[in-house]
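Heads up, the thing below is written out as structure tokens.
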Amino acid sequence: MNGDTIAAVATAMTASGIGIVRISGEEALEIAGRVYRSKGGKKDIRKAASHTIHYGFIYDGEQLIDEVLVMIMKGPRSYTGEDTVEIDCHGGVLAMRKVLDAVIHAGARPAEPGEFTKRAFLNGRIDLSQAEAVMDVIQAQSEYALKSSMSQLKGSLLQSIENIRSDIIYQIAYIESALDDPEHISLEGYGQELAEVVKKEKEKLKRLIDSFSEGKMIREGIRTVIVGKPNAGKSSLLNCLVGEEKAIVTDIAGTTRDVLEETIVLQGISLKMMDTAGIRSTEDTVEKIGVERARTYAKEADLILYVVDTSTELDENDEEILELLKEKKAIVLLNKSDLTPVVTVEMLQKKTSQPIIPISARMEQGVDRLEEKIREMFFQGDISFNDEVYITNVRHKNALEDAYASLTMVENSIAMEMPEDFFSIDLMSAYEALGSITGESVGEDLVNEIFSKFCTGK
Numbered sequence: 014m015n016g017d018t019i020a021a022v023a024t025a026m027t028a029s030g031i032g033i034v035r036i037s038g039e040e041a042l043e044i045a046g047r048v049y050r051s052k053g054g055k056k057d058i059r060k061a062a063s064h065t066i067h068y069g070f071i072y073d074g075e076q077l078i079d080e081v082l083v084m085i086m087k088g089p090r091s092y093t094g095e096d097t098v099e100i101d102c103h104g105g106v107l108a109m110r111k112v113l114d115a116v117i118h119a120g121a122r123p124a125e126p127g128e129f130t131k132r133a134f135l136n137g138r139i140d141l142s143q144a145e146a147v148m149d150v151i152q153a154q155s156e157y158a159l160k161s162s163m164s165q166l167k168g169s170l171l172q173s174i175e176n177i178r179s180d181i182i183y184q185i186a187y188i189e190s191a192l193d194d195p196e197h198i199s200l201e202g203y204g205q206e207l208a209e210v211v212k213k214e215k216e217k218l219k220r221l222i223d224s225f226s227e228g229k230m231i232r233e234g235i236r237t238v239i240v241g242k243p244n245a246g247k248s249s250l251l252n253c254l255v256g257e258e259k260a261i262v263t264d265i266a267g268t269t270r271d272v273l274e275e276t277i278v279l280q281g282i283s284l285k286m287m288d289t290a291g292i293r294s295t296e297d298t299v300e301k302i303g304v305e306r307a308r309t310y311a312k313e314a315d316l317i318l319y320v321v322d323t324s325t326e327l328d329e330n331d332e333e334i335l336e337l338l339k340e341k342k343a344i345v346l347l348n349k350s351d352l353t354p355v356v357t358v359e360m361l362q363k364k365t366s367q368p369i370i371p372i373s374a375r376m377e378q379g380v381d382r383l384e385e386k387i388r389e390m391f392f393q394g395d396i397s398f399n400d401e402v403y404i405t406n407v408r409h410k411n412a413l414e415d416a417y418a419s420l421t422m423v424e425n426s427i428a429m430e431m432p433e434d435f436f437s438i439d440l441m442s443a444y445e446a447l448g449s450i451t452g453e454s455v456g457e458d459l460v461n462e463i464f465s466k467f468c469t470g471k
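Put into structure tokens, the structure is as follows:
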């Protein structure tokens, strides 16, 4: 337990109906008692039962600050595992500041970013992967990102890691026991038995590592680049998907000179949309820079939306764009399908194997088919977060890869018929790498760095 008591505003510092000031630590109840007065003035909040709510007023000395509700949660049955008091005050910025000031004057100190969650971790209420999921929940920008974060917060990743670590530590213990007591525990033929165990554990790790690609897109969104020739309707498509006029749309080719970025959510999927300059040969210096950026972003994209103007013949610029689509996930959109077409689906099917969808960005036709195709391409229908764990954190992925490499070294030692203590060393390396995900084998500096990225009050 930490010796001091911390306090912070736990809600956004903006005008709102309710604001929450959170207090946690050994002196939480005592400090609350110094600032709280019940309506009749007789109730001692310090003696209140846990998990109860009390109506009253907050005072800073003799100055009345606000009318409040106070929630009491005694440790260890609280978020931090410590005595915790939450003051529900009016949500004005000044009101919340005044209540927090009163609590600090009464003996609390301002909490550091993420310190409440850090205490929950240090007090064993959650593991490090769950603590990181707390911030992911706060920052989630789509339905899938929220579901994934909540799944990890409930311990899905923790359970997967603990199962693997349990199997590994059993093998380490067996080897050490056999080396200490060779008369009663034989290691004859053990190498082949261990090889089977290591193979299964590597398969589990591989599934987790391979989930990072989808997990990263779930968390951060699909990097989606809209490309096409000038005046094909790229900006109209962006405006259609965003639902408002974000991009300037004119009949003048080359209106978009730079990359315009917007984040949108389609059927629970977050897309980081980038509307780029029309790809064509140009002598205009500014437009030329925009075209080069369009090419660069297209090469780095998770998804390319290629907008084709069906009322205009294909030319060398289209051929260049079609070349960009090779080896990429892409959807060809036949725009202006409400007009008499010059370019048809059949013509493009001869030039590309990418899916082709007729749309009219101006009339908002075909967008539903586009949304369904994106879901199908990236997530093969609905994502279930009950049985499948998605790795969304680079730190976790690196630790899993370290564990996988260590188990590979165990396999190599077995193949080379090395002494069993070599197996034990690499098994322990894998065990500790996985422990860094849950926080069982991490240094104080890493813990501090992780929680420093949290918002104050959480």
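For what it's worth, this note's numbering labels the leading residue of the sequence shown as 14, then goes sequentially.
The C-beta atom is built at its ideal place from N, Cα and C for all residues, glycine as well.
Count the other CB atoms, across all protein chains shown, that sit within 10 Å of the CB of residue i; report buried if there are 16 or more and exposed otherwise.
i: Tyr49; result: buried
i: His409; result: buried
i: Gln172; result: exposed
i: Thr263; result: With a pLDDT of 36 at Thr263, under the threshold of 50, the modelled position of this residue cannot be trusted; read the value that follows with caution. It is exposed - the Cβ of Thr263 has fewer than 16 other Cβ atoms within 10 Å.
i: Glu430; result: exposed
i: Ile100; result: buried
i: Ala28; result: exposed
i: Leu107; result: exposed
i: Gly74; result: exposed
i: Leu77; result: exposed
i: Pro243; result: buried
i: Asn348; result: buried
i: Gln152; result: exposed
i: Pro89; result: exposed
i: Gly394; result: Because the pLDDT at Gly394 is just 49, under 50, the model does not fix this residue reliably, and the value given afterwards should be weighed accordingly. Looking at its Cβ environment, which holds fewer than 16 other Cβ atoms inside 10 Å, Gly394 is exposed.
i: Asn176; result: exposed
i: Pro432; result: exposed
i: Leu472; result: Any property of residue 472 remains undetermined from this structure, which presents the chain solely from 14 to 471.
i: Val345; result: buried
i: Gly16; result: exposed
i: Met14; result: Low local confidence applies: a pLDDT of 45 at Met14 is under 50, so the model's placement there is unreliable, and no value is given.
Might you give, ordered along the chain, the residues of its own chain that have their beta carbon closer than 8 Å to the beta carbon of residue i, omitting 5 neighbours on each side?
i: Gln3; result: Lying outside 14 to 471, the shown extent of the chain, residue 3 is not represented and no answer is given.
i: Ser63; result: Ile85, Met86, Lys87 and Arg90
i: Lys219; result: Tyr417
i: Ile44; result: Thr18, Ala20, Ile36, Val98, Val116, Ala119, Gly120 and Ala121
Just tell me which of the options has its CA closest to the CA of residue i.
i: Gly202; options: Glu414, Glu453 and Ala428; result: Ala428
i: Arg59; options: Arg122, Gly228, Ile66 and Gly46; result: Gly46
i: Pro368; options: Tyr72, Ala446, Glu389 and Ala124; result: Glu389
i: Met148; options: Gly127, Ser164 and Ala133; result: Gly127
i: Ser91; options: Arg35, Ser51 and Cys102; result: Arg35
i: Arg375; options: Val255, Ile231, Ser161 and Gly38; result: Val255
i: Asp439; options: Gly53, Glu377, Arg382 and Gln184; result: Gln184
i: Ser190; options: Asp434, Cys468 and Lys466; result: Asp434
i: Ala124; options: Ile19, Ile31 and Glu216; result: Ile19
i: Glu424; options: Phe391, Gly204, Ser465 and Ser226; result: Gly204
i: Ile387; options: Lys342, Val402 and Asp328; result: Lys342
i: Thr24; options: Met109, Val150 and Ser442; result: Met109
i: Glu462; options: Asp17, Val345, Glu43 and Ala144; result: Ala144
i: Ile33; options: Ala61, Tyr68, Leu82 and Leu42; result: Leu82
i: Lys52; options: Ile31, Ile71 and Met230; result: Ile71
Just to check, is the beta-carbon of residue i closer than 8 Å to a non-hydrogen atom of the ligand GTP?
i: Asn330; result: Of the ligands one can find in the structure shown there are none, so the ligand GTP has no counterpart to examine.
Could you pull out every residue in the same chain whose Cβ sits closer than 7 Å to the Cβ of residue i, ignoring the five residues on either side in sequence?
i: Glu156; result: Gly281
i: Val455; result: Leu141 and Ser449
i: Ile182; result: Tyr444
i: Met26; result: Val106 and Met109
i: Lys253; result: It should be noted that the sequence gives Cys, not Lys, for residue 253. Closer than 7 Å at the Cβ level, and outside the excluded window around Cys253, lie Ala374, Glu377 and Val380.
So, for residue i: in the same chain, excluding its five sequence neighbours on each side, which residues have a beta-carbon less than 6 Å away from its beta-carbon?
i: Ala314; result: Arg236 and Val238
i: Gln138; result: One detail in the question is off: residue 138 reads as Arg in this sequence, not Gln. If we look at Arg138 and ignore the five residues flanking it on each side, its Cβ neighbours are Gly94.
i: Ala446; result: Ala412, Asp415 and Ala416
i: Lys247; result: Ile239, Gly241, Asp288 and Val320
i: Ala146; result: Ser162, Gln165 and Leu166
i: Lys111; result: Ile78
i: Leu221; result: Ile404 and Leu413
i: Leu335; result: Lys364 and Thr365
i: Thr469; result: Ala21 and Pro126
i: Leu170; result: Ser142 and Val402
i: Lys217; result: Ile177
i: Ile66; result: Leu82 and Met84
Is residue i helix, strand or coil when you go by DSSP?
i: Met86; result: strand
i: Val402; result: coil
i: Glu340; result: coil
i: His67; result: strand
i: Ile33; result: strand
i: Ala61; result: coil
i: Asn348; result: strand
i: Met422; result: helix
Quiz prompt | Inter-stretch contact (C-beta, 8 Å, three-pair minimum) for the segment 113-123 and the segment 193-200 | solution = no
Quiz item: So does the segment 354-367 actually touch the segment 322-332, counting three or more Cβ pairs closer than 8 Å?
Solution: yes
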